[in-house]
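Residue numbers (this note's numbering): 21 to 367.
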């Protein structure tokens, strides 16, 4: 059965509406997931609810398995394929932390949701990047060839759509013509199949799913986000300001542990990292396929220990202001993150 495709005609308005709902819910006091779940001796929450990713190992999951989280435990409540959905769930108290593209974090913060980014968790480098792929015999060769074509991605209003718009703009495609490029939501596990079945013209592929598709042959890259922006951290984990204030020790343990896991993944031989991930997926018993893990290369985080810098938010503040999604000067990069709880790297 072909995967369902979702059009983006009203995507921006719907996305901002969802953010408004999230902010309203947070303002009503649902800023933490379960409040006292797994409280420690000082009354701090020590069991963190989160969403995972099918067939993949998130950095917090890796950190927990390596013993880097101390007495802080993780409670998996399900999986997500959408960063914006994940951080909305964190903002509304369904989970304790969520991760998304930094531009989506900016949007949520602009809607008055009291969230703070605490550590970077993914990015682009020479090993880990998102590519925009077409079939080998596709006539699409340039940015202008995308006009009137369909681009499949995991979610709208986030990383993949931002990169597409930057690519079009840098290659001289007007806003009017860019609006004729149709972005569609396709579940990541189905994206390669949907491209090969020619339901879409371009597939956004990253990580192990990208390398698996490349190994099968018959596709070629149009461009990659690494080519566009060089190495950069693209997304971060957020928590609510209230949760951070009430649980500083837990936040410090979590952030520092995740940062240590980032460095472990950089310095440990590649085969050992994959073996550890395969073991983690197998023993959690969720009936997941581990075959794609052999293609894992890197989490792509740019800074040591996942520390965050102004530039990782400023580029998206500028982009969103230009689109009219946030008001220019409404937020400063320094309003959006903190490195206070990260015991890795500088400071």
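Backbone N, C-alpha and C define an ideal beta-carbon position, used for all residues, glycine too. In this text the structure is predicted, and so the values were computed from the model without any measurement.
Would you kindly work out how many angstroms separate the C-alpha atoms of residue i and residue j, rounded to a whole number?
i: residue 6; j: residue 118; result: Given a span of 21 to 367 for the chain in the structure shown, any question on residue 6 remains unanswerable.
i: residue 285; j: residue 296; result: 10 Å
i: residue 333; j: residue 243; result: 22 Å
i: residue 228; j: residue 66; result: 32 Å
i: residue 362; j: residue 343; result: 33 Å
i: residue 84; j: residue 93; result: 7 Å
i: residue 281; j: residue 241; result: 31 Å
i: residue 347; j: residue 328; result: 23 Å
i: residue 198; j: residue 172; result: 15 Å
i: residue 316; j: residue 72; result: 17 Å
i: residue 208; j: residue 225; result: 8 Å
i: residue 358; j: residue 210; result: 36 Å
i: residue 275; j: residue 237; result: 39 Å
i: residue 263; j: residue 247; result: 37 Å
i: residue 289; j: residue 326; result: 20 Å
i: residue 354; j: residue 331; result: 10 Å
i: residue 345; j: residue 96; result: 32 Å
i: residue 219; j: residue 133; result: 37 Å
i: residue 88; j: residue 195; result: 47 Å
i: residue 167; j: residue 298; result: 41 Å
i: residue 189; j: residue 217; result: 29 Å
i: residue 52; j: residue 99; result: Low confidence applies to residue 52: its pLDDT is 49, below 50, so where it sits in the model is not reliable enough to give any reading.
i: residue 154; j: residue 249; result: 21 Å
i: residue 287; j: residue 82; result: 14 Å
Is the CB of residue i under 8 Å away from at least one CB in chain C?
i: residue 307; result: The structure shown contains no chain C; it is built from a single protein chain.
Just to confirm, are residue i and residue j a CB contact at a threshold of 8 Å?
i: residue 322; j: residue 251; result: yes
i: residue 75; j: residue 309; result: yes
i: residue 339; j: residue 122; result: no
i: residue 104; j: residue 223; result: no
i: residue 158; j: residue 221; result: yes
i: residue 79; j: residue 278; result: yes
i: residue 116; j: residue 124; result: no
i: residue 313; j: residue 126; result: no
i: residue 206; j: residue 163; result: no
i: residue 64; j: residue 231; result: no
i: residue 239; j: residue 156; result: yes
i: residue 273; j: residue 135; result: no
i: residue 203; j: residue 215; result: no
i: residue 255; j: residue 341; result: no
i: residue 114; j: residue 128; result: no
i: residue 271; j: residue 77; result: no
i: residue 253; j: residue 365; result: no
According to the neighbour-count rule (16 or more other Cβ atoms, all chains shown, within 10 Å of its Cβ), is residue i buried or exposed?
i: residue 170; result: buried
i: residue 161; result: exposed
i: residue 382; result: Only positions 21 to 367 of the chain appear in this structure, which leaves residue 382 out of reach.
i: residue 56; result: Legend: pLDDT at residue 56 = 48, less than 50; position of this residue unreliable, no value from coordinates given.
i: residue 69; result: buried
i: residue 175; result: buried
i: residue 305; result: exposed
i: residue 49; result: Note on residue 49: pLDDT 39, under 50, position unreliable in the model; the coordinate value appears next. With fewer than 16 other Cβ atoms within 10 Å, it is exposed.
i: residue 294; result: buried
i: residue 349; result: exposed
i: residue 311; result: exposed
i: residue 191; result: exposed
i: residue 360; result: exposed
i: residue 267; result: buried
i: residue 112; result: buried
Just checking my contact of residue i with residue j at CB under 8 Å: how many whole Å lie between their CB atoms?
i: residue 257; j: residue 101; result: Contact doesn't hold; Cβ gap of about 17 Å is too wide.
i: residue 233; j: residue 212; result: 4 Å
i: residue 145; j: residue 320; result: 5 Å
i: residue 318; j: residue 148; result: 4 Å
i: residue 130; j: residue 351; result: 6 Å
Inset, instruction - Output the residue ranges of the beta strand (DSSP E) runs that lie fully inside the stretch 54-137 and measure 3 residues or longer, sorted by chain position. - result: Along the stretch 54-137, the beta strand (DSSP E) occurs as fully enclosed runs of 3 or more residues at 67-72, 93-99, 118-121, listed in sequence order.
Legend entry - Length at least 3, wholly inside the stretch 264-330: the beta strand (DSSP E) runs in chain order: none
Inset, instruction - Kindly provide the ranges of any alpha helix (DSSP H) runs that are 4 or more residues long and lie completely inside the stretch 202-249, ordered along the chain. - result: Entirely contained in the stretch 202-249, the alpha helix (DSSP H) runs reaching 4 residues are, in chain order, 208-216, 227-236, 245-249.
Legend entry - Every unbroken beta strand (DSSP E) inside the stretch 126-199 [3 residues or more]: Scanning the stretch 126-199 from its first residue to its last, the whole beta strand (DSSP E) runs of 3-plus residues come out as 135-144, 150-155, 170-173.
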